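A.B. asks: Handing you this structure, nothing more for now.
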Amino acid sequence: MAKLFPIKVTVNGKEYEREVEARLLLSDFLRHDLGLLGTHVGCEHGICGACTILFDGEAVRSCLIFAVQANGHSVRTVESLGTPEELHPLQQSFHEKHALQCGFCTPGFLMTLVPFLEENPHPSEEEIREAIDGNICRCTGYEKIVEAVQDASEKLSQKK
Amino acid sequence: MKPVAFDYYAPASSEEALATLAELGYDGKVLAGGQSLIAAMNFRMSRPAALVDLNNVPELAYINPTAEGGLAIGTMTRVSDVEHSEEVARRFPLLTEVAKFIAHPQIRRRGTFGGAIAHADPAGQLPGISLLMNMKCLLKSSEGERWVDAPDLIIGPFMTVIEPQEMLSEIVLDPFPARTGCKYVQVARQSGGYAQSAVGAIVTLDENGVCQVARVVLMGVYEIPILSEKAAEVLVGNKPSPEVYAAVAEAVQAEIDPATDLAATAEYRRSITRTLAVRCLTEAFDRARKGA
Chain W
5 MAKLFPIKVT
15 VNGKEYEREV
25 EARLLLSDFL
35 RHDLGLLGTH
45 VGCEHGICGA
55 CTILFDGEAV
65 RSCLIFAVQA
75 NGHSVRTVES
85 LGTPEELHPL
95 QQSFHEKHAL
105 QCGFCTPGFL
115 MTLVPFLEEN
125 PHPSEEEIRE
135 AIDGNICRCT
145 GYEKIVEAVQ
155 DASEKLSQKK
Chain Y
688 MKPVAFDYYA
698 PASSEEALAT
708 LAELGYDGKV
718 LAGGQSLIAA
728 MNFRMSRPAA
738 LVDLNNVPEL
748 AYINPTAEGG
758 LAIGTMTRVS
768 DVEHSEEVAR
778 RFPLLTEVAK
788 FIAHPQIRRR
798 GTFGGAIAHA
808 DPAGQLPGIS
818 LLMNMKCLLK
828 SSEGERWVDA
838 PDLIIGPFMT
848 VIEPQEMLSE
858 IVLDPFPART
868 GCKYVQVARQ
878 SGGYAQSAVG
888 AIVTLDENGV
898 CQVARVVLMG
908 VYEIPILSEK
918 AAEVLVGNKP
928 SPEVYAAVAE
938 AVQAEIDPAT
948 DLAATAEYRR
958 SITRTLAVRC
968 LTEAFDRARK
978 GA
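Chains as they are written, first to last, in our numbering: chain W, 5 to 164; chain Y, 688 to 979.
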């Protein structure tokens, strides 16, 4: 029997206590152990960006962190953003601007862009493209995503 | 689960980490940011028996000025903290420029300065830049410590002189003399991708505008980054000019041995290395003249 490590981790504001094998990736922990399927797993070696989550508020790859390393830390996934009835402004902009087609990459884009827009509420197009250079989308050609971020930046600044 | 099973240690101090490494010997491997190591483990190319995770050792993350006017960077300093550090931008703008080319924002947030150097990925930017800047690397073990210059640290692809019981603890950057200019240029297929070829230069002019010191690093064109001897031979003692840059671009062809892979042919790598060498030196000497 593999050695198990007890961890205490806060995910989307809720505290979980679990026992995990050291080799369990945080992405798999979120999906398999907690059933949070919003975090998508694409390449599993840090290239595609689909599994991006917030680790203590910062956008990182959940496939390049072990679950055991999240002990004592706080994680936010796409499930923490909006609800189908009330989307997060960024989700609303993605919807309105057709910034997704198949949707596989979208959670990674959203979790990359949420802290980005908090830090940089009025980004230039170049800054937006730099922010998402670690997220691969094969449907949109990125144009619509950039438009959606610009739209969300306006929505969010009006909200304040 | 993708990686093979391994044992895991999360020491809370540098001392505890070194004691754990000493105990584990060849079974132990340091886990810093993990942005290259965990990817390699996911492929099962890397199969360490045990990881010693430094992420709970906050004392290893810092950027401190040195008495000499340089900087001492703790091994666990995140690449994005180096990228956004005002101290770094003021003293070593080269590093700020290079950081933008390292993978992606999410990777830089987690990846560490020391980890990237100790991992010695030949395709990574920081190992090459560590040679270029002649970074001083502090290796610690529970027995003691020693300093190794970056060019003596990296001995092969993913290979360094760091012993199993040692860890790279701190990296010291010495200040540049006056009239020094630096530049890094690369060609990659996409933003954040590995460079098919990259050239970095640090050049110093004397009062008469003659090149006094020239360090040129070539990356992506050999099995490890090369600190070019040919470039220094051509440049030192000469007044920089387009003809001299072209001569360097030609001379370094003898030192490189680029591979053909999915990203580029060897021939193409040779060709862009020529162009990049000229571009890099033009800008580096321009900056040296301006004293930047």
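Note that CB positions come from ideal geometry on N, CA and C, so glycine has one too.
In this text, all values refer to a predicted model and were calculated from it rather than measured experimentally.
Could you tell me which chain Y residues have their CB closer than 7 Å to the CB of W:Asp137, listed as they occur along the chain?
C.D. replies: Residues of chain Y passing the Cβ test: His791, Ser878 and Gly879.
A.B. asks: Under 8 Å between C-beta atoms, does Y:Gly690 make it to chain W?
C.D. replies: The amino acid occupying residue 690 of chain Y in the given sequence is Pro; Gly does not appear at that position. At least one chain W Cβ lies under 8 Å of Y:Pro690.
A.B. asks: Just list the beta strand (DSSP E) runs in the region 728 to 796 of chain Y, keeping only unbroken ones of 3 residues or longer that don't cross its boundaries, in chain order.
C.D. replies: The region 728 to 796 of chain Y contains these whole beta strand (DSSP E) runs: 737 to 740, 750 to 752 and 758 to 761.
A.B. asks: Span of the alpha helix (DSSP H) holding Y:Tyr932?
C.D. replies: First-last of the alpha helix (DSSP H) with Y:Tyr932: Pro929 to Ala938.
A.B. asks: Got a sec? Which residues, its chain only, sit under 6 Å from W:Gly46 by beta carbon, not counting five neighbours each side?
C.D. replies: Hits under 6 Å: Cys52 and Ala54.
A.B. asks: Can you give the Cα-Cα distance for Y:Tyr881 and W:Asp137, rounded to whole angstroms?
C.D. replies: In a straight line, the C-alpha of Y:Tyr881 is about 13 Å away from that of W:Asp137.
A.B. asks: Check the DSSP bridge columns for W:Lys148 and list the partner residues they point to.
C.D. replies: Partner(s): none; W:Lys148 has no beta bridge.
A.B. asks: W:Lys12 and W:Asn75 look like a contact to me (Cβ under 8 Å); what is the Cβ gap, rounded to whole Å?
C.D. replies: That pair is a contact at about 6 Å.
A.B. asks: Against W:Ile69, what residues of chain Y qualify as contacts under a CB-to-CB distance less than 8 Å, listed in chain order?
C.D. replies: Those are Gly721, Ile725 and Arg797, listed as they occur along chain Y.
A.B. asks: Who pairs with Y:Ser884 in a beta bridge, going by DSSP?
C.D. replies: Bridge partners of Y:Ser884: Y:Val874.
A.B. asks: So, helix, strand or coil for Y:Phe693, using DSSP?
C.D. replies: It is coil, neither helix nor strand.
A.B. asks: Pairing CB atoms from the region 93 to 102 of chain W with CB atoms from the region 23 to 37 of chain W, are three or more of them under 8 Å?
C.D. replies: Result no; under three Cβ-Cβ pairs closer than 8 Å.
A.B. asks: DSSP state of Y:Met820, grouped into three classes?
C.D. replies: Of the three classes helix, strand and coil, the one that applies to Y:Met820 here is coil, per DSSP.
A.B. asks: Taking the alpha-carbon positions, what's the W:Glu158 to W:Leu91 distance?
C.D. replies: About 16 Å.
A.B. asks: Counting only beta-carbon atoms, is W:Thr56 nearer than 8 Å to chain Y?
C.D. replies: So, interface residue.
A.B. asks: Would you call Y:His791 buried or exposed, if buried means 16 or more other Cβ atoms sit within 10 Å of its Cβ?
C.D. replies: Buried, because 16 or more other Cβ atoms sit within 10 Å of the Cβ of Y:His791.
A.B. asks: Taking a Cβ distance cut-off of 8 Å, strictly less, list which residues of the region 31 to 49 of chain W are near chain Y, in chain order.
C.D. replies: If the cut-off is 8 Å between Cβ atoms, the region 31 to 49 of chain W has Asp32, Glu48 and His49 near chain Y.
A.B. asks: Note down, in chain order, each residue of its chain lying with its Cβ closer than 6 Å to the Cβ of Y:Ala810, except the 5 sequence neighbours on either side.
C.D. replies: The answer, listed in chain order, is Tyr881.
A.B. asks: Look at Y:Val921 and Y:Ala938 and say whether their C-beta atoms are less than 8 Å apart.
C.D. replies: Yes, Cβ-Cβ distance for Y:Val921 and Y:Ala938 is below 8 Å.
A.B. asks: Once you ignore the five residues that flank W:Thr43 on each side, which residues in its own chain have a CB closer than 7 Å to its CB?
C.D. replies: If we look at W:Thr43 and ignore the five residues flanking it on each side, its Cβ neighbours are Ser31, Leu34, Arg35, Cys55, Ile57, Ser66, Thr81, Val82 and Pro111.
A.B. asks: Taking Cβ-Cβ distances shorter than 9 Å, what residues in chain Y pair up with W:Leu114?
C.D. replies: Residues of chain Y passing the Cβ test: none, with the nearest at roughly 13 Å.
A.B. asks: Taking only beta carbons into account, state which residues of the region 731 to 747 of chain Y come closer than 8 Å to chain W, listed in chain order.
C.D. replies: Residues passing the 8 Å Cβ filter: Leu738, Asp740 and Asn742.
A.B. asks: What does DSSP give as the partner residue(s) for Y:Met678 in the beta ladder?
C.D. replies: Residue 678 of chain Y lies beyond the range of chain Y shown here (688 to 979); nothing can be said about it.
A.B. asks: Can Y:Ala726 and W:Glu25 be called in contact, C-beta distance under 8 Å?
C.D. replies: No, the pair does not count as a contact, with Cβ atoms beyond the cut-off.
A.B. asks: In the region 689 to 719 of chain Y, which residues sit with their C-beta less than 9 Å from some C-beta in chain W, listed in chain order?
C.D. replies: Those would be Lys689, Pro690, Val691, Ala692, Phe693, Asp694, Tyr695, Ala697 and Leu718, in chain order.
A.B. asks: Closest Cβ-Cβ distance between W:Val150 and chain Y: below 8 Å?
C.D. replies: Chain Y contact via Cβ: absent.
A.B. asks: At the level of alpha carbons, what is the spacing between Y:Glu894 and W:Met115?
C.D. replies: Approximately 52 Å between the Cα atoms of the pair.
A.B. asks: Does the beta-carbon distance from Y:Gly887 to Y:Cys967 come in below 8 Å?
C.D. replies: Cβ atoms of Y:Gly887 and Y:Cys967: closer than 8 Å.
A.B. asks: Name the chain W residues whose beta carbon is nearer than 9 Å to that of Y:Ile794?
C.D. replies: Under the 9 Å cutoff, chain W gives Gly50, Val64, Arg65, Leu68 and Gly138.
A.B. asks: Quick one, which of Y:Arg833, Y:Ile760 and Y:His771 has its alpha-carbon nearest Y:Ser817's?
C.D. replies: Comparing Cα positions, the closest option is Y:Ile760.
A.B. asks: Find the nearest neighbour of Y:Asn925 within the set Y:Ala719, Y:Val900 and Y:Leu741, judged by alpha-carbon distance.
C.D. replies: That would be Y:Val900, whose Cα lies nearest to the Cα of Y:Asn925.
A.B. asks: Between W:Leu117 and chain Y, is any beta-carbon pair separated by less than 8 Å?
C.D. replies: Closer than 8 Å: no.
A.B. asks: Taking the CB atoms as reference points, tell me whether Y:Val931 and Y:Ser915 lie closer together than 8 Å.
C.D. replies: Result no, Cβ atoms of Y:Val931 and Y:Ser915 do not sit closer than 8 Å.
A.B. asks: Which residue or residues does DSSP assign as beta-bridge partners of Y:Glu832?
C.D. replies: In the DSSP output, where bridge partners are listed per residue, Y:Glu832 has Y:Lys827.
A.B. asks: Can you give me the Cβ contacts of W:Glu21 inside the same chain, cut-off strictly under 6 Å, excluding the 5 residues immediately before and after it?
C.D. replies: Within the same chain, W:Glu21 has close Cβ partners Lys12.
A.B. asks: From Y:Arg731 to Y:Gly715, what distance separates their C-alpha atoms?
C.D. replies: Rounded to the nearest angstrom, the two C-alpha atoms are 16 Å apart.
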